[in-house]
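Following: one structure in structure tokens, then a few remarks.
Numbering (this note's numbering), first residue to last: 887 to 1035.
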């Protein structure tokens, strides 16, 4: 299932999707631009509108052996993206850049460790990770390893 979630200037739109592993595509648009309605529109816009700053975060959320669903998240440059899947007690958010994956946030026994100078947060109430102050450099593939099972 591919869903486009638009994010207004005030924050990030979320779409709860149950317990299945989910792949997310998060796109950040510069202020004043409008979110697109399909992935095809997104790709066309990347080719046509060079003045828009775009961030694409490919997020692979692994929580089991069932088939993954695809969800698209949008975020505004300088604002935040919230990952809809929750980690309650133990899990790691990993950024895949280049040849080596790097953990950017970790929860162990309900205690959070940030490896990004304060840009990754974990909400202990909801269990959701977020990345604030989105930048172009945030593009990449992300994996959320959930060890709550």
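Ideal Cβ placement from N, Cα and C applies to all residues, glycine included.
Selection from the options that minimises the alpha carbon distance to residue i
| i | options | result |
| --- | --- | --- |
| residue 1027 | 996, 987 and 998 | 987 |
| residue 961 | 1005, 1018, 977 and 1035 | 1018 |
| residue 1013 | 978, 985, 966 and 965 | 978 |
| residue 963 | 1023, 1029 and 1030 | 1023 |
| residue 1029 | 997, 972 and 996 | 972 |
| residue 970 | 1021, 1020, 1016 and 1031 | 1016 |
Rounded C-alpha distance that separates residue i from residue j
| i | j | result |
| --- | --- | --- |
| residue 974 | residue 991 | 13 Å |
| residue 968 | residue 1011 | 14 Å |
| residue 1025 | residue 1009 | 22 Å |
| residue 980 | residue 1032 | 11 Å |
| residue 1006 | residue 983 | 16 Å |
| residue 1021 | residue 985 | 21 Å |
| residue 1055 | residue 965 | Lying outside 887 to 1035, the shown extent of the chain, residue 1055 is not represented and no answer is given. |
7 Å Cβ shell around residue i - same chain, five flanking residues per side excluded
| i | result |
| --- | --- |
| residue 1035 | none |
| residue 994 | 976 |
Chain-order list of residues whose beta-carbon lies under 6 Å from that of residue i (same chain, five-residue window excluded)
| i | result |
| --- | --- |
| residue 1002 | 990 |
| residue 996 | 975 |
| residue 999 | 992 |
If you scan the region 952-1017 from start to end, which runs of the beta strand (DSSP E) of 3 or more residues do you find wholly inside it?
Within the region 952-1017, the runs of beta strand (DSSP E) that reach at least 3 residues and sit entirely inside it are, in chain order, 955-962, 967-972, 977-983, 986-994, 997-1000, 1006-1008 and 1014-1017.
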